[in-house]
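Here is the structure we will look at.
Next comes the structure, spelled out in structure tokens:
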């Protein structure tokens with residue numbers, strides 16, 4: 006279809022013909038809700054409706070706890086239960102009415118019409134509207150087939166009831182022209198049942214998001230400027246507000262502790278099993294639980310900016326993205342319906358010319374069975390359902406996939422490039438010592454470095470500033486400040502030009518640091534990071550900061566290597582420090598003092614060798630490589646820039662989650678393949694059987710009613726198989 010066609014349909018095909026029926030007695034969605042198709046996430050609009058491509062009901066992009074029952078589910082249940090007695094009565098009458106001799110053939114035919122018409126015309130109305138929309142939009146789908154099949158059977162039966170004389174004598178059986186009201190009714194009822202089961206199962210896929218939404222508290226205790234306190238709705242909390250969090254209460258929003266000490270249980274957001282101690286200056290995450298002491302906090306991020314809200318948004322975005330594997334299914338589904346209609350026509354004419362009498366009747370019934378049993382819906386749902394469940398399960402375990410392609414690609418990773426600070430290590434370095442060059446003192450080196458570093462977000466900088474403040478050194482404000490591309494920072498303090506960074510920065514500025522070479526080497530040998538300070542182009546001294554390796558890192562690296570992944574460390578730190586940490590962890594390949602563009606080049610080099618590359622990091626300097634790798638993995642405790650650049654975010658910042666993500670990727674892709682194989686096999690076997698291919702040898706024919714049941718169960722089976730991922734364990 007050309008672009009104009011897409012644009013035209015995008016504008017006009019979002020009307021929902023079922024909307025009037027469906028939305029009675031259902032709570033309206035929150036204003037601003039965006040509705041998307043579960044199979045075609047590119048179909049979006051600001052009101053409920055059906056997808057112009059596949060006919061499925063659009064769902065809110067982000068589920069809410071307040072939303073009532075799924076309106077489509079409520080509508081289909083009502084239609085199913087109200088007309089089920091009519092369907093049952095019609096089927097029983099068709100099967101036993103003539104043999105029991107309770108009424109004449111003509112009378113029975115009219116009663117069957119009276120029983121079948123409400124089922125087909127009212128209960129089946131949504132199917133016919135969607136089938137017609139698929140024709141208008143030149144997007145044939147499952148509803149095209151159902152509308153054609155049941156419509157053909159019903160119209161034929163009405164004509165046979167009202168004007169039986171137009172049919173040849175060969176159509177007459179047991180004193181009347183055969184009618185198939187019971188088949189059309191049963192197909193509608195079974196399709197409704199299948200949709201009810203499928204919608205109920207699909208609602209389980211959004212359970213992960215609803216569970217995350219349910220973590221947030223409804224109110225916060227705000228401290229006013231005059232010291233009075235009051236509980237206010239969470240929506241009324243603003244940045245900068247002071248909030249009290251009492252023992253046992255949830256932290257309302259993201260912020261920082263300004264008063265008090267306590268232990269906070271962050272398991273529900275980060276997966277960290279042990280409560281984390283908090284004191285003034287420490288960060289708090291909204292929806293975590295304060296376990297012991299009372300805290301006063303300052304709100305820093307509220308509403309959609311909180312960590313919890315961002316997790317929910319990321320999971321929702323990933324659930325609506327398309328897996329690369331789905332492209333094949335989409336291409337196949339595009340030709341599938343046309344092929345099925347052609348197969349039904351071929352069945353009709355083959356039976357007419359080759360089948361036993363009444364051949365036209367056999368042809369009609371088998372053609373209807375072909376139309377009904379074919380299920381493009383199972384094919385279309387095969388990968389989206391797996392993606393929805395996998396992203397939800399990943400979120401429960403602190404692994405956030407940005408999109409479906411990240412889930413597919415994670416299992417293919419050959420090389421993992423890891424940053425050191427904040428990735429392999431705690432990212433909370435402790436200041437060791439300052440060593441002055443001739444003409445300077447240790448306190449002066451620390452004071453000047455801390456003054457400059459006040460503008461830096463790097464964890465090493467934080468430790469230097471904290472050490473200077475702890476020693477009571479008076480810090481000056483930096484007049485200028487500039488980050489020097491991952492090799493350090495430069496600026497001016499008290500009118501003097503300062504440079505603070507690794508040897509690459511010193512070399513760039515022409516500063517000789519050889520005077521303290523032996524001290525630097527000794528410190529690096531213990532795993533400390535060494536930074537050099539220059540003042541007005543003159544070497545002033547060095548500062549050593551030690552960042553301990555995370556307790557979970559050795560286990561994580563052992564698991565990753567066990568999965569066959571090649572581990573590579575790339576850090577802006579000095580090579581000696583990097584090698585010391587790498588040796589302790591068993592990482593053989595180390596690149597030290599690398600700039601952001603060097604990390605990106607490293608990723609590109611591995612990719613040029615045909616390897617699938619993942620990059621794990623947490624800082625702004627990692628962002629280019631995170632974006633350039635096949636799979637970028639950001640630490641959740643890192644910067645927003647890093648998380649925006651990555652395809653996977655580890656909420657807790659624990660490298661073991663990378664191994665979990667790879668295992669989940671394997672399980673998810675296996676699940677997608679199972680669904681696709683099932684959908685293909687089902688149609689490959691079901692359509693010939695419905696066409697009567699086995700009839701000459703076995704006498705087997707497939708009733709349209711059984712075809713409808715099989716079609717409904719095929720979609721339910723695909724959804725059910727996807728939901729098995731909920732039981733996945735790393």
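In the numbering used here, the protein residues as written are 6 to 735.
We put the CB at the ideal spot given by N, CA and C, even for glycine.
Residue range of the unbroken beta strand (DSSP E) whose run includes residue i
i: residue 505; result: 501–506
i: residue 484; result: 483–488
i: residue 238; result: 234–238
i: residue 268; result: 267–270
i: residue 117; result: Element bounds for residue 117: not the beta strand (DSSP E) but the alpha helix (DSSP H), 110–123.
i: residue 637; result: 636–640
i: residue 228; result: 224–228
i: residue 493; result: 493–498
Cut-off 7 Å between Cβ atoms - residues of its own chain near residue i, not counting five sequence neighbours on either side
i: residue 699; result: 705
i: residue 694; result: 707
i: residue 731; result: 394, 398
i: residue 696; result: 348, 352, 371, 375
i: residue 38; result: 65
i: residue 459; result: 470, 480, 483
Sequence-distant residues of its chain with Cβ nearer than 6 Å to residue i (five each side left out)
i: residue 297; result: 252, 267, 268
i: residue 511; result: 518, 537
i: residue 300; result: 250, 262, 265, 267
i: residue 454; result: 469, 505, 538, 548
i: residue 485; result: 496, 497
i: residue 446; result: none
i: residue 557; result: 659, 661
i: residue 612; result: 618
i: residue 124; result: 88, 91, 92, 190, 193
i: residue 294; result: 255, 270
i: residue 152; result: 132, 133, 136
Local conformation of residue i per DSSP, three classes
i: residue 77; result: helix
i: residue 724; result: helix
i: residue 340; result: helix
i: residue 259; result: strand
i: residue 366; result: helix
i: residue 248; result: strand
i: residue 278; result: Caution applies to residue 278, whose pLDDT of 46 falls short of 50 and renders its modelled position unreliable; the model cannot decide the point.
i: residue 568; result: coil
i: residue 31; result: With a pLDDT of 39 at residue 31, under the threshold of 50, the modelled position of this residue cannot be trusted; read the value that follows with caution. Residue 31: coil per DSSP, three-state reduction.
i: residue 293; result: coil
i: residue 82; result: helix
i: residue 652; result: coil
i: residue 734; result: coil
i: residue 166; result: helix
i: residue 629; result: helix
i: residue 158; result: helix
i: residue 389; result: helix
Boundaries (first-last residue) of the alpha helix (DSSP H) holding residue i
i: residue 613; result: 601–613
i: residue 687; result: 661–696
i: residue 135; result: 130–141
i: residue 703; result: 700–703
Of the residues the options, the one placed nearest residue i, counting alpha carbons only
i: residue 129; options: 181, 521, 200, 387; result: 200
i: residue 79; options: 57, 616, 364, 197; result: 197
i: residue 388; options: 448, 473, 52, 723; result: 723
i: residue 442; options: 546, 553, 341; result: 546
i: residue 57; options: 524, 149, 288; result: 149
i: residue 52; options: 500, 687, 41, 226; result: 41
i: residue 345; options: 379, 472, 170, 230; result: 379
i: residue 765; options: 524, 365, 620, 584; result: Since the first and last residues shown for the chain are 6 and 735, residue 765 lies out of range.
i: residue 567; options: 121, 420, 577; result: 420
i: residue 653; options: 412, 426, 616, 729; result: 412
i: residue 440; options: 452, 430, 429, 433; result: 452
i: residue 590; options: 430, 390, 703; result: 430
i: residue 260; options: 701, 656, 245; result: 245
i: residue 136; options: 122, 120, 119, 154; result: 154
i: residue 317; options: 683, 417, 220; result: 220
i: residue 535; options: 616, 615, 436, 573; result: 436
i: residue 719; options: 728, 205, 680, 703; result: 680
Residues of its chain near residue i, where Cβ-Cβ distance is below 8 Å and the 5 sequence neighbours each way are ignored
i: residue 508; result: 518, 537, 579, 598
i: residue 487; result: 494, 495, 496
i: residue 229; result: 235
| said: Restricting to runs no shorter than 3 residues, where is the beta strand (DSSP E) found entirely within the stretch 393–481? | reply: 404–406, 420–423, 435–441
| message | In chain order, what are the residue ranges of uninterrupted alpha helix (DSSP H) at least 4 long that sit wholly in the stretch 512–599? | response | 522–530, 558–567, 580–590
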